[in-house]
C-alpha cells in the first residue's frame, strides 16, 4: 500500500468522522474522493472496514 495515498485516504476518512459521519460512510466518501480525482484503485481499494 502506497504511504502517500494512505495518508490522504486517512485524512479524508477522519475528516468525515469529524463531520459526524459513521465509519462506513466516512470510508466510502474517502474512497469516492479518490475515484473522482481519477486515482487508480491500486491506491485506495485495499482498505476495508471491519467492526463498528
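Numbering (our numbering), first residue to last: 269 to 320. We put the beta carbon where it would ideally sit given N, CA and C, even for glycine.
Query                                                                                                                    : Result
What's the C-alpha gap between residue 303 and residue 291?                                                              : 18 Å
Can the beta-carbon of residue 301 be found less than 7 Å from the beta-carbon of residue 280?                           : yes
Tell me the rounded alpha-carbon separation between residue 286 and residue 295.                                         : 12 Å
Please determine, among 310, 293, 308 and 309, the residue with the shortest C-alpha to C-alpha distance to residue 318. : 293
Between 277, 320 and 269, which has its C-alpha nearest residue 298's C-alpha?                                           : 277
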